[in-house]
Amino acid sequence: MTIVAHMTLRFASKNGRAQLVVGPNNNLVDLAEVSGGRFDSDPIKAFPRWSELREFAATITDGGTPTNVDELDAPSPWPLQVFAIGLNYRSHAEESGMGLPAVPLTFTKFTSCIAAPNANIPIDAPMVDWEVELVVVMSSGGRNIKKADAWKHIAGISVGQDISDRALQFAAQPPHFDLGKSKKNYGPFGPWLVDAAEVADRDALHMTCTLNGEEVQNTLTDDLVFNVGDIVEYLSGIVELLPGDVIFTGTPGGVGVSRKPAVFLKPGDVLVSTIEGIGTTTNKCTQG
Ligand code: ZN
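Position 96 of the sequence shown, counting from 1, maps to 159 under my numbering, and the rest follow consecutively.
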């Protein structure tokens, strides 16, 4: 083990165990093992100790085994709460024919939909759609967090998909976004968390989604109507945010249901979601 002045903390989860992602080749190092038990193997126990983990991770600069992203779990695999924000990009509100919400339009993706970064997406309905999103995970959580302090309560940044069964989403009136977006593997994200404190342009990240190699979504996250600070201030003024909680921050224009003609996912399709400098996830669609 060598000590260097600085190393960005990247955090992953594999087989239910917390991992550090280390070096230019993205090697995985088991956190409990490398720390001699100072840190627990349970990923969710790392989040409240994020600052301490940052200091420790800076001392781990090599070792580990090559990452196979197909073997990773979501970086926060069993969060206690999952929040998602709807109509949060102008480009998506416009294509949906809706006005901009006055406050962050919030729903939950039930925790059991959280899936590995490269999870397969079962297609068991005719109107299953993609939504690439910036996904953040809380570190210390809390109540009444001010916008200016929001990033201090966030562990890391990743990319994910808010997969949506549009027919189910709009099966009731008012619509039940929660159920329509919570079927099996409808919340893949990862491949790891990049320490938010180390991402200089964290409010203006370049995010894209391709379907079978063709670009369908492309945005800068500074186009968010309510940015991460706004969302954290709004939510924490109502509910207590907890360590490991996950927030899907909304999708830009380019989803399938708004295309003319509409396009939906079918078995064999491949979705690739990327946030530049953060990571990429790949989701194959399978017969559900
Ligand atoms: Zn969404």
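Note that the Cβ used here is the ideal one computed from N, Cα and C, for glycine as well. Please read these numbers as outputs of a predicted model, since none were measured by experiment.
In three-state terms, what does DSSP make of residue 217? strand
Please determine whether the Cβ atom of residue 196 lies at a distance below 8 angstroms from any heavy atom of the ligand ZN. yes
Label residue 218 either buried or exposed according to how many other C-beta atoms from any shown protein chain fall within 10 Å of its C-beta, with 16 as the threshold for buried. buried
Pop quiz: residue 243 and residue 221 are said to be a contact at Cβ under 8 angstroms. What is the actual Cβ separation, rounded to whole angstroms? Not a contact, Cβ separation roughly 22 angstroms.
So if DSSP puts residue 77 in a beta bridge, which residue, or which two residues, is it bridged to? 80
For residue 314, count the other beta carbons within 10 Å of its own beta carbon; 16 or more makes it buried, fewer makes it exposed. Which is it? buried
I'd like the span of the beta strand (DSSP E) that includes residue 239, first residue to last. Counting along the chain, residue 239 falls outside any beta strand (DSSP E), and DSSP gives it neither H nor E.
Since residue 145 and residue 309 are thought to touch, with beta carbons under 8 angstroms apart, how far apart are those beta carbons, to the nearest angstrom? 5 angstroms
Going by C-alpha distance, which of 319, 320, 213 is nearest residue 300? 213
Flag residue 294 as yes when its Cβ comes closer than 8 angstroms to any non-hydrogen atom of the ligand ZN, and as no otherwise. no
How many Å lie between residue 339 and residue 193 at the Cα? 19 angstroms
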